[in-house]
Amino acid sequence: MNVVLGTKEDRNLLTGLHTVADIYCGDCREILGWKYERAYEASQKYKEGKFILEKCKIVKENW
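Just remember that my numbering sits 8 ahead of the position in the sequence shown, which is counted from 1.
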């Protein structure tokens, strides 16, 4: 899957403040999810560098 990262921004999520970047499809530019760039709370540091993909936006074609 080819993805493109958007601009980093701070978002207040359920688990606290995080710096995230949206992930876009490399072909159609549809938002697929986001990447955790930074977690401000120590208990959330394990998320840094990880991706969240919305399952409903992932389509299996020609596999």
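No residue lacks a Cβ here, since even glycine has one placed at the ideal position from N, Cα and C.
The bridge partners DSSP lists for residue 30 are 42. Exposure of residue 68 is indicated by the presence of fewer than 16 other C-beta atoms within 10 angstroms of its C-beta.
Residue 39 holds the alpha-carbon nearest to the alpha-carbon of residue 15 among 49, 23, 39. DSSP places residue 58 in the coil class of the three-state scheme, outside both helix and strand. C-alpha of residue 46 to C-alpha of residue 22: approximately 15 Å in a straight line.
The DSSP-derived three-state label of residue 68 is coil.
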